[in-house]
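*Asks:* Next up is a structure, given as structure tokens.
Numbering (the numbering used here), first residue to last: 98 to 220.
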């Protein structure tokens, strides 16, 4: 089971998104790597866009050998944004994605996402 705890879920452009990825293993095979990505995407009318703002990869050697692991992270939201938007014609959504890759005969990739809000910088 993967869970994320954020220090904040509403952040200004140019601010760091910080928190901890908490992982509790069950009977699933342990992953070879874990990728933490901060990205935005659009939905609605017009061209759909998606851009990864920043990522970091955690290799298996960095996981503890216990049944529970906590991985702190800090990713910087770009100063130029964009900011979150929920309008009639389109939406712009920011998310933190956790991707795991397990190798071997039972290889698989899993994705878990958590939304957060980016607002304009206050003067």
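Every residue, glycine too, gets a C-beta built ideally from N, C-alpha and C.
Hey, residue 86 and residue 174: beta-carbon distance below 8 Å or not?
*Replies:* A query on residue 86 cannot be resolved here, the shown segment of the chain reaching from 98 to 220 and no further.
*Asks:* Who are the near neighbours of residue 176 in its chain, counting only those whose CB is closer than 7 Å to its CB and skipping five residues on each side?
*Replies:* Within the same chain, residue 176 has close Cβ partners 110 and 111.
*Asks:* For residue 209, which of 142, 149, 131 and 185 has the nearest alpha-carbon?
*Replies:* The shortest Cα separation from residue 209 among 142, 149, 131 and 185 belongs to 131.
*Asks:* Out of 139, 180, 182 and 118, point me to the one whose CA is closest to residue 153's CA.
*Replies:* Among 139, 180, 182 and 118, the Cα nearest to that of residue 153 belongs to 118.
*Asks:* Does DSSP put residue 150 in a helix, a strand or coil?
*Replies:* Residue state, collapsed to three classes: strand.
*Asks:* Can you check which of these residues, 100, 114 and 219, is closest to residue 120 by C-alpha distance?
*Replies:* If we check each option's Cα against that of residue 120, 100 comes out closest.
*Asks:* Go ahead and label residue 123 buried or exposed: buried means 16 or more other beta carbons lie within 10 angstroms of its beta carbon, across all protein chains shown.
*Replies:* Exposed, because fewer than 16 other Cβ atoms sit within 10 Å of the Cβ of residue 123.
*Asks:* DSSP three-state label for residue 129, please.
*Replies:* Of the three classes helix, strand and coil, the one that applies to residue 129 here is coil, per DSSP.
*Asks:* Using only CA atoms, which one of 212, 116, 220 and 167 lies nearest to residue 139?
*Replies:* When only C-alpha atoms are compared, the closest one is 212.
*Asks:* As a quick exercise: from 170, 214 and 178, pick the residue whose alpha carbon is nearest that of residue 195.
*Replies:* Among 170, 214 and 178, the Cα nearest to that of residue 195 belongs to 170.
*Asks:* Counting only the same chain and skipping the five closest in sequence on each side, list residues whose C-beta sits under 7 Å from that of residue 102.
*Replies:* Excluding sequence neighbours, residue 102 sits near 116, 117 and 119.
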